[in-house]
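First to last, the sequence lines map onto chains A and B. In this text, residue positions in the first sequence follow our numbering: the first is 37, and each later residue adds one. In this text, residue positions in the second sequence follow our numbering: the first is 37, and each later residue adds one. Even glycine gets a Cβ: it sits at the ideal position worked out from N, Cα and C. Let me begin by presenting the structure, written as structure tokens, before commenting on it.
There are 2 protein chains.
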Amino acid sequence: MSMRGGRKTTESPQVDPTPALGKTIQRLRKAYNLSLGELSEQSGVAKSIISQIERNETNPTISTVYRLSRALDTTVDEVLKIDGSQVFLEHQLKSGIPILESQDGLCRLAITGPLNLVNHIQWYDFIAKPMGVLESDPHPPGTVEHLYLLSGQIDVTAGDDTRRAKAGEALRFRGDLPHKIVNVGEGDAHATMILVLRQLSGNEATGK
Amino acid sequence: MSMRGGRKTTESPQVDPTPALGKTIQRLRKAYNLSLGELSEQSGVAKSIISQIERNETNPTISTVYRLSRALDTTVDEVLKIDGSQVFLEHQLKSGIPILESQDGLCRLAITGPLNLVNHIQWYDFIAKPMGVLESDPHPPGTVEHLYLLSGQIDVTAGDDTRRAKAGEALRFRGDLPHKIVNVGEGDAHATMILVLRQLSGNEATGK
DNA sequence: CGTTAACGTTCGTTATATAGAACACTAGTT
DNA sequence: AACTAGTGTTCTATATAACGAACGTTAACG
Numbered sequence: 037m038s039m040r041g042g043r044k045t046t047e048s049p050q051v052d053p054t055p056a057l058g059k060t061i062q063r064l065r066k067a068y069n070l071s072l073g074e075l076s077e078q079s080g081v082a083k084s085i086i087s088q089i090e091r092n093e094t095n096p097t098i099s100t101v102y103r104l105s106r107a108l109d110t111t112v113d114e115v116l117k118i119d120g121s122q123v124f125l126e127h128q129l130k131s132g133i134p135i136l137e138s139q140d141g142l143c144r145l146a147i148t149g150p151l152n153l154v155n156h157i158q159w160y161d162f163i164a165k166p167m168g169v170l171e172s173d174p175h176p177p178g179t180v181e182h183l184y185l186l187s188g189q190i191d192v193t194a195g196d197d198t199r200r201a202k203a204g205e206a207l208r209f210r211g212d213l214p215h216k217i218v219n220v221g222e223g224d225a226h227a228t229m230i231l232v233l234r235q236l237s238g239n240e241a242t243g244k
Numbered sequence: 037m038s039m040r041g042g043r044k045t046t047e048s049p050q051v052d053p054t055p056a057l058g059k060t061i062q063r064l065r066k067a068y069n070l071s072l073g074e075l076s077e078q079s080g081v082a083k084s085i086i087s088q089i090e091r092n093e094t095n096p097t098i099s100t101v102y103r104l105s106r107a108l109d110t111t112v113d114e115v116l117k118i119d120g121s122q123v124f125l126e127h128q129l130k131s132g133i134p135i136l137e138s139q140d141g142l143c144r145l146a147i148t149g150p151l152n153l154v155n156h157i158q159w160y161d162f163i164a165k166p167m168g169v170l171e172s173d174p175h176p177p178g179t180v181e182h183l184y185l186l187s188g189q190i191d192v193t194a195g196d197d198t199r200r201a202k203a204g205e206a207l208r209f210r211g212d213l214p215h216k217i218v219n220v221g222e223g224d225a226h227a228t229m230i231l232v233l234r235q236l237s238g239n240e241a242t243g244k
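Below you can see the structure in the form of structure tokens.
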């Protein structure tokens, strides 16, 4: 008797085990602002292959997916996950810092600041396509968010307050409230976003 | 400026991304008492491929590894883990029941009983090669372990008490103490092991 | 304009992962 | 002993994943 449980082969004869792999890889790659060539360099995978993987035109080798997921600071399982329902992808870095990136590609938040300061100050590069909306849950109390708009035009809503900023302008608002950033311009909106956590002031070192 | 952090390509030029995959697959397959042919049927992967994968003679496709890991009730990441230090592999089933299986292949514990009773009674198939030792941490208080030796010869130590059993004999001992099973015979030892948890008696149902 | 550079795609070739058949090997049976 | 049924391995052919080069496109510059 070698049967065990009710597992069957006939479950799904020809399921594509990796329906979302391509999109996920591409999402992560863009979240890091990497081109195919750059990711190719960093991962060791030919850029043509990456291109095909992103369009689900190939069934990559474990080795290939492994190298890609390493270069993208994530795991094989993570890139295999089918998260079609998720609006935002939350990607845990090795350092524990999440990268938020909208699935439809409208908004993108990439960390650009030094990782060792992440408990004091977080520095993001923010790009939103027209109509893009980034909604954030509150950050820790006392957090202040600084936003310097490099190009485009956005509306920022923090709590009840809404303000508009054009290219070259800066905004500062409370990050410990639910807040929202909307690209109200016609082109892409590009901004530098800096989160200053309260711990920074009044405590020179965490003591660890 | 497309640089980001300090990720480098030169990290490891030609690392084998899957050094333990073969062993892990084989371990899991044996933990389920599956032959290559059986796993082939259940996973849809040709048994020749599984054979090659287990001996690390191929670099399987994501699809292949995915089908295998599914058939083995685990994830892709799980089979990729390099746990060379671990003496025992603890494999979480979907149902949450761990399977213990020694890495060197000396001992093997496979669940054979019905899964829905796992909180009351656990029923294992135990096989140990010569010199094989299975050490267990204490089970919940009140647990009694029943062991019926099908073939071979073993010593069981529970607490301070040590007893020997030959083929056809049965042992019963306290499972809530650290205990150890040693195959002292020349051939394989094969036993049926039944864990009876206290909840079974005095409570007809856990209420959930 | 043409030039350059960067992007993602497609092409041509090579390497190899896959499946199925054939193969040894063992153990149990008559 | 021969006959089975099981194991895991090795064959052979085919499909295709991988790479690097060439390509079309776009954008920024002179």
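- For residue 80 of chain A, the closest of A/103, A/169 and A/58 by C-alpha to C-alpha distance is A/103.
- Taking CB atoms only, residue 187 of chain B has no neighbour in chain A less than 8 Å away.
- Secondary structure within the region 180-214 of chain A: the beta strand (DSSP E) runs of 3 or more consecutive residues, fully enclosed, are 180-187, 189-194, 197-202 and 206-210 (chain order).
- For the region 73-107 of chain A, the residues whose beta carbon sits under 9 Å from a beta carbon of chain B are, in order, 74, 77, 78, 79, 80, 95, 96, 97, 98, 99, 100, 101, 102, 103, 106 and 107.
- In this structure, B/143 is the residue among B/143, B/169, B/220 and B/213 with its C-alpha nearest to the C-alpha of residue 68 of chain B.
- Residue 54 of chain A is not bridged by DSSP to any residue.
- Residues of chain B with a Cβ closer than 7 Å to the Cβ of residue 113 of chain A are, in chain order, 111, 112 and 113.
- Flagged as an interface residue toward chain B: residue 54 of chain A, by a C-beta distance shorter than 8 Å.
- Burial is judged here by how many other beta carbons sit within 10 angstroms of a residue's own beta carbon; residue 168 of chain B has at least 16 and is buried.
- The region 76-90 of chain B makes no contact with the region 178-195 of chain B, as fewer than three CB pairs between them are under 8 Å.
- Within the same chain, Cβ atoms closer than 8 Å to the Cβ of residue 115 of chain A are found at 57, 60, 61, 64, 101, 104, 105 and 108, the five residues on either side in sequence being excluded.
- Residues of chain A with a Cβ closer than 8 Å to the Cβ of residue 116 of chain B are, in chain order, 98, 102 and 112.
- When the five nearest sequence neighbours on each side are left out, the beta carbons in the same chain lying within less than 6 Å of the beta carbon of residue 214 of chain B are those of 174, in order along the chain.
- When the beta-carbon positions are compared, residue 54 of chain A and residue 98 of chain B come within less than 8 Å of each other.
- A check of alpha carbon separations from residue 163 of chain B across B/71, B/195, B/224 and B/77 identifies B/224 as the nearest.
- A check of alpha carbon separations from residue 208 of chain A across A/70, A/111, A/93 and A/185 identifies A/185 as the nearest.
- For the set A/113, A/94 and A/171, the Cα lying nearest the Cα of residue 218 of chain A is the one of A/171.
- Listed in chain order, the non-local C-beta contacts of residue 197 of chain B below 8 Å within the same chain comprise 209, local neighbours out to five positions each way being set aside.
- DSSP lists A/217 as the bridge partner or partners of residue 170 of chain A.
- Under the three-state reduction of DSSP, residue 60 of chain A is assigned to helix.
- Contact between residue 220 of chain A and residue 113 of chain B is absent: CB atoms are separated by about 42 Å, not below the 8 Å threshold.
- Within the DSSP bridge table, the entry for residue 110 of chain B names no partner.
- For residue 83 of chain B, the enclosing alpha helix (DSSP H) begins and ends at 83-90.
- The C-alpha of residue 226 of chain A lies about 11 Å from the C-alpha of residue 201 of chain A.
- If the five residues before and after residue 94 of chain B are omitted, its C-beta is found closer than 6 Å to the C-beta atoms of 88, all from its own chain and listed in chain order.
- Ranked by Cα distance from residue 195 of chain B, the first of B/78, B/216 and B/187 is B/216.
- When C-alpha distances from residue 222 of chain B are compared across B/211, B/76, B/74 and B/191, the shortest belongs to B/191.
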